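>
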């Protein structure tokens, strides 16, 4: 994700008028929780500050993962909070819409949310029996046999079971390519007879690389997260809109063609430019150019000619 994540963590990248993390939290807003624990590492202080600013009423705790040693290692940092109560785990670098209110309506001990994919080789996947219960967790398989990809959301009826499995993974030093994977913890649980069900998601958008961030932005804009007043505003302010787009109310757009699939954040300035399938972050300035498939970071400045680019925060690029 570099250079975009040099100056901020991946969950705070902007898509369709919000951050990736913000969209996920909003989709999970109806869940009743005692506390939301955020495992943070690089630039974790930015996530904490962002949560306190935009979700001040959320009962939250921030736990540091000192080294990026994998998913299981991240959750292991929360071991003191994994007790006999229910726990829901969500990865913060994707947008997942699902029926969260019924995720615990099951006789199973745990649930993982899944989506069928064409090519499972870059995902963690599950093999299931005829009733949809997991028989095996497989991390990035080298074949096409199992196509139910794990969408990064897990529910456990009893958090202590998960803690015990994580402890075994960590103490046995079960690493793959230098990381501790949740798949190994779940395999331990399966061997103990823990029943893990699967449930489908209604939407899963991965924001793991710049191309996927642009795709996530486009999908969300198409699904109703676009500005409702963009066309009316374009008439009043003399620019052209090709929906769907999101244009923050404080953004300045002059003599430009915007869209489709463009996200322009707060305080950004776009002048004499044509922009398609791109994200212009807060405070950025784009002038006298054509941008397509581009992400322009916060407070960055781009001027001149056609370009597809990913530009980090506070950068200046002139062609």
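Numbering (my numbering), first residue to last: 1 to 319.
Backbone N, C-alpha and C define an ideal beta-carbon position, used for all residues, glycine too.
Please read these numbers as outputs of a predicted model, since none were measured by experiment.
Determine, using beta-carbon pairs with one atom in the segment 102 to 119 and one in the segment 133 to 148, whether at least three such pairs fall under 8 Å.
yes
> Can you have a look at residue 154 and say buried or exposed, based on whether 16 or more other CB atoms are within 10 angstroms of its CB?
Position 154 of the chain shown, counted from the start, is the residue given in the question as residue 154. Result: buried.
> Have a look at residue 297 and residue 282 and give me their C-alpha separation to the nearest angstrom.
Counting from one through the chain shown, the residue named residue 297 turns up at place 297. Counting from one through the chain shown, the residue named residue 282 turns up at place 282. Computed Cα separation, rounded: 8 Å.
> Use the C-beta contact count for residue 12: other C-beta atoms within 10 angstroms, 16 or more gives buried, fewer gives exposed.
Within the chain shown, numbered from 1, the residue matching residue 12 stands at position 12. Its Cβ being crowded by 16 or more others within 10 Å, residue 12 is buried.
> Based on the DSSP secondary-structure assignment, which residues constitute the bridge partners of residue 43?
Working through the chain shown from its first residue, we reach residue 43 at position 43. DSSP output for residue 43 lists no bridge partner at all.
> Which residues bound the alpha helix (DSSP H) around residue 185?
One-based indexing of the chain shown puts residue 185 at position 185. 182 to 191 is the extent of the alpha helix (DSSP H) around residue 185.
> Is the distance from the Cβ of residue 259 to the Cβ of residue 269 below 8 Å?
Position 259 of the chain shown, counted from the start, is the residue given in the question as residue 259. Position 269 of the chain shown, counted from the start, is the residue given in the question as residue 269. In this structure, residue 269 does not lie closer than 8 Å to residue 259 by Cβ.
> According to DSSP, is residue 206 helix, strand or coil?
Residue numbering aside, residue 206 sits at position 206 when the chain shown is read from its first letter. Looking at residue 206 - three-state DSSP - the assignment turns out to be strand.
> Do residue 25 and residue 82 have their CB atoms nearer than 8 Å?
Locating residue 25 in the chain shown gives position 25, where the first residue counts as 1. Locating residue 82 in the chain shown gives position 82, where the first residue counts as 1. No, Cβ-Cβ distance for residue 25 and residue 82 is not below 8 Å.
> Only counting the same chain, and skipping five residues up and downstream in sequence, which positions put a Cβ closer than 6 Å to that of residue 136?
To locate residue 136, count along the chain shown from 1; it is residue 136. Cβ within range, chain order: 127.
> Determine the DSSP secondary structure at residue 236, reduced to helix, strand or coil.
To locate residue 236, count along the chain shown from 1; it is residue 236. Residue state for residue 236 is assigned as helix, using DSSP reduced to three classes.
> Would you decide whether residue 54 is buried or exposed? Buried here means 16 or more other CB atoms lie within 10 Å of its CB.
In the chain shown, counting from the first residue as 1, residue 54 sits at position 54. Label assigned to residue 54: exposed.
> Is it true that the CB of residue 103 sits closer than 8 Å to the CB of residue 89?
For this step, residue 89 is matched to residue 89 along the chain shown. For this step, residue 103 is matched to residue 103 along the chain shown. Contact: no.
> Over what stretch of residues does the beta strand (DSSP E) that includes residue 254 continue unbroken?
For this step, residue 254 is matched to residue 254 along the chain shown. Taken as a continuous stretch (DSSP letters only), the beta strand (DSSP E) holding residue 254 covers 252 to 254.
> DSSP three-state label for residue 117, please.
Start at 1 with the first residue of the chain shown, and residue 117 comes out as number 117. Reduced to three states, the DSSP call for residue 117 is coil.
> Assuming contact is defined by CB atoms lying nearer than 8 Å, are residue 232 and residue 183 in contact in what I supplied?
Sequence index remark: in the chain shown, residue 232 carries index 232 (1-based). Sequence index remark: in the chain shown, residue 183 carries index 183 (1-based). With a cutoff of 8 Å on beta-carbon distance, residue 232 and residue 183 are scored as not near each other.
> Do residue 152 and residue 239 come within 8 Å of each other at the CB atom, strictly closer than that value?
Start at 1 with the first residue of the chain shown, and residue 239 comes out as number 239. Start at 1 with the first residue of the chain shown, and residue 152 comes out as number 152. Not a contact, by the Cβ cut-off of 8 Å.
> Do residue 17 and residue 261 have their beta-carbon atoms positioned less than 8 Å apart in this structure?
Stepping through the chain shown from its first residue, residue 261 is reached at position 261. Stepping through the chain shown from its first residue, residue 17 is reached at position 17. No; because the gap between Cβ atoms is not below 8 Å, this pair is not in contact.
> If you follow the beta strand (DSSP E) that residue 322 is part of, which residue opens it and which one closes it?
With the chain covering 1 to 319 only, the question about residue 322 has no answer from this structure.
> Using DSSP bridges, identify the partner residues of residue 257.
One-based indexing of the chain shown puts residue 257 at position 257. In DSSP, residue 257 forms a bridge with 240 and 274.
> Just how far apart, CA to CA, sit residue 112 and residue 158?
Stepping through the chain shown from its first residue, residue 112 is reached at position 112. Stepping through the chain shown from its first residue, residue 158 is reached at position 158. For residue 112 and residue 158, the distance between alpha carbons rounds to 14 Å.
> With a 10 Å radius around its C-beta and 16 neighbouring C-beta atoms as the bar for buried, classify residue 196 as buried or exposed.
Locating residue 196 in the chain shown gives position 196, where the first residue counts as 1. With 16 or more Cβ atoms within 10 Å of its Cβ, residue 196 is classed as buried.
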